[in-house]
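Below is one structure, written out as structure tokens; comments come after it.
In this note's numbering, the protein residues as written are 4 to 292.
What follows is the structure in structure tokens.
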């Protein structure tokens, strides 16, 4: 009886192991198939000019993601530090966590309408990159807050006790010990947030605009054609893809959309690899290697 019971449990264990392994490999194969399809279809129509940094859609995408990361990091990382190190249990903390969770589940088009109202209508402004970056940073904010809080909470308690034992205050412990130790995980959050920014379209339609008129010989920040002016309209690659697939104003619109999709994929993968390499180097340096 015991042998048969043990054999039955072993069979169930093998079945569940196979099931979980199938789920893991299915996710990997699905990702490979998706990336492969986009890259194969897009690279057929890709030209060297489209990969140039001076290409308007490419530059606008990189610039907008950079601004969005700055704004979201300024708000999200301190919020995560507060929840992990300073906040005490109570209704206020529960309310903050509920607000963060609710914000992370909002549809991007709703956030886009909010950004349109706050950053365009109320200040009587035109479509501009700054409004788009602020709107996208709202979508990134809950992710960075949650990742920062989890990264700090998972650190060994000995980090804090050792720092306090050396006479450091709480803010010195957070700034010089905990945040550097949690940086690799925070960098992962920044990568995930950047991926959200690279692929965002709905929120930008109402804020960043669908046109771009920049000149690479104009570096007056107050000029509407200056590339670094954040107060100019800026069509990103995602918006350009959406316009190509819906309006089809050009004969080769489908081919251009496929090429832009491949460029976006290259951007996301490249950013992820570079960020992970920097995180690895910083973590290795901190470890004394």
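We put the CB at the ideal spot given by N, CA and C, even for glycine.
Checklist entry - Since residue 102 is in the alpha helix (DSSP H), which residue starts that stretch and which ends it? => result On the chain shown, position 99 is the one that residue 102 refers to. For residue 102, the uninterrupted alpha helix (DSSP H) run begins and ends at 94–107, by DSSP.
Checklist entry - Count the other CB atoms within 10 Å of the CB of residue 45; is the residue buried (16 or more) or exposed (fewer)? => result Start at 1 with the first residue of the chain shown, and residue 45 comes out as number 42. When all chains shown are included, residue 45 counts as buried.
Checklist entry - Once you ignore the five residues that flank residue 175 on each side, which residues in its own chain have a CB closer than 8 angstroms to its CB? => result Taking the first residue of the chain shown as 1, we reach residue 175 at position 172. Correct list, in chain order: 166.
Item to check | Under the three-state DSSP convention, the category residue 263 falls into | outcome: Position 260 of the chain shown, counting from 1, holds the residue named residue 263. Looking at residue 263 - three-state DSSP - the assignment turns out to be helix.
Next on the checklist: Within a Cβ cutoff of 7 angstroms, which residues of the same chain sit near residue 245, ignoring the five residues on either side of it in sequence?
Outcome noted: On the chain shown, position 242 is the one that residue 245 refers to. These residues qualify, in order along the chain: 204.
Next on the checklist: For residue 262, which residues in the same chain have their Cβ closer than 7 angstroms to its Cβ, ignoring the five residues on either side in sequence?
Outcome noted: Counted from its first residue, the chain shown places residue 262 at position 259. 45, 48, 49 and 53.
Checklist entry - Once you ignore the five residues that flank residue 140 on each side, which residues in its own chain have a CB closer than 6 angstroms to its CB? => result Within the chain shown, the letter at position 137 stands for residue 140. Closer than 6 angstroms at Cβ, skipping near neighbours: 71, 74 and 75.
Next on the checklist: Buried or exposed for residue 237, going by 16 or more other Cβ atoms inside 10 Å?
Outcome noted: On the chain shown, position 234 is the one that residue 237 refers to. Counting Cβ neighbours within 10 Å, residue 237 comes out buried, since at least 16 surround it.
Next on the checklist: Taking 8 angstroms as the cut-off, does the segment 110–127 touch the segment 204–213 (at least 3 CB pairs, one atom from each stretch)?
Outcome noted: Yes, the segment 204–213 is in contact with the segment 110–127.
Next on the checklist: Let's see if you can read the secondary structure: which residues bound the alpha helix (DSSP H) around residue 132?
Outcome noted: Numbered from 1 along the chain shown, position 129 holds the residue referred to as residue 132. From DSSP, the alpha helix (DSSP H) with residue 132 extends over 132–156.
Next on the checklist: Restricting to Cα atoms, I'd like to know which of 235, 196, 11 and 213 is closest to residue 142.
Outcome noted: Here the question's residue 142 lines up with position 139 in the chain shown. Residue 142 has its Cα closest to that of 196, out of 235, 196, 11 and 213.
Item to check | Whether residue 180 touches residue 163 by CB criterion (9 angstroms) | outcome: Reading the chain shown from its first residue, position 177 is the one you call residue 180. Reading the chain shown from its first residue, position 160 is the one you call residue 163. Taking 9 angstroms as the Cβ cut-off, residue 180 and residue 163 qualify as a contacting pair.
Checklist entry - How about residue 98 and residue 151: are their beta carbons less than 9 angstroms apart? => result The count along the chain shown starts at 1 and reaches residue 98 at position 95. The count along the chain shown starts at 1 and reaches residue 151 at position 148. No.
Next on the checklist: Between the alpha carbons of residue 14 and residue 100, how many angstroms are there, rounded?
Outcome noted: Translated into positions along the chain shown, residue 14 becomes position 11. Translated into positions along the chain shown, residue 100 becomes position 97. For residue 14 and residue 100, the distance between alpha carbons rounds to 43 angstroms.
Next on the checklist: Give me, in chain order, the residues of the same chain whose beta-carbon lies closer than 6 angstroms to that of residue 291; leave out the 5 immediate sequence neighbours on both sides.
Outcome noted: For the purposes of this step, residue 291 is taken as residue 288 along the chain shown, with counting starting at 1. Caution applies to residue 291, whose pLDDT of 48 falls short of 50 and renders its modelled position unreliable; the value that the coordinates give is listed next. The beta carbon of residue 291 is closer than 6 angstroms to none in its chain, skipping five residues each way along the sequence.
Checklist entry - So is residue 172 buried or exposed if we call it buried at 16+ other beta carbons inside 10 Å? => result Mapped onto the chain shown, residue 172 falls at position 169. Looking at its Cβ environment, which holds fewer than 16 other Cβ atoms inside 10 Å, residue 172 is exposed.
Checklist entry - According to DSSP, is residue 17 helix, strand or coil? => result Here residue 17 refers to the residue found at position 14 of the chain shown. Helix.
Next on the checklist: Please classify residue 177 as buried or exposed, where buried requires at least 16 neighbouring CB atoms within 10 angstroms.
Outcome noted: Numbered from its first residue, the chain shown carries residue 177 at position 174. Burial of residue 177 is indicated by the presence of at least 16 other C-beta atoms within 10 angstroms of its C-beta.
Checklist entry - Alpha carbon to alpha carbon, how far is residue 80 from residue 147? => result For this step, residue 80 is matched to residue 77 along the chain shown. For this step, residue 147 is matched to residue 144 along the chain shown. Between residue 80 and residue 147, the C-alpha separation is close to 6 angstroms.
Item to check | C-beta contact flag for residue 168 and residue 137 at 9 angstroms | outcome: Position 165 of the chain shown, counted from the first residue, corresponds to residue 168. Position 134 of the chain shown, counted from the first residue, corresponds to residue 137. No, these two residues do not count as a Cβ contact at 9 angstroms.
Item to check | Alpha-carbon to alpha-carbon, residue 10 and residue 145 | outcome: The count along the chain shown starts at 1 and reaches residue 145 at position 142. The count along the chain shown starts at 1 and reaches residue 10 at position 7. So the two alpha carbons sit approximately 47 angstroms from each other.
Next on the checklist: With the cut-off set at 9 angstroms, would you say residue 209 and residue 282 are in Cβ contact?
Outcome noted: Here the question's residue 209 lines up with position 206 in the chain shown. Here the question's residue 282 lines up with position 279 in the chain shown. In this structure, residue 282 does not lie closer than 9 angstroms to residue 209 by Cβ.
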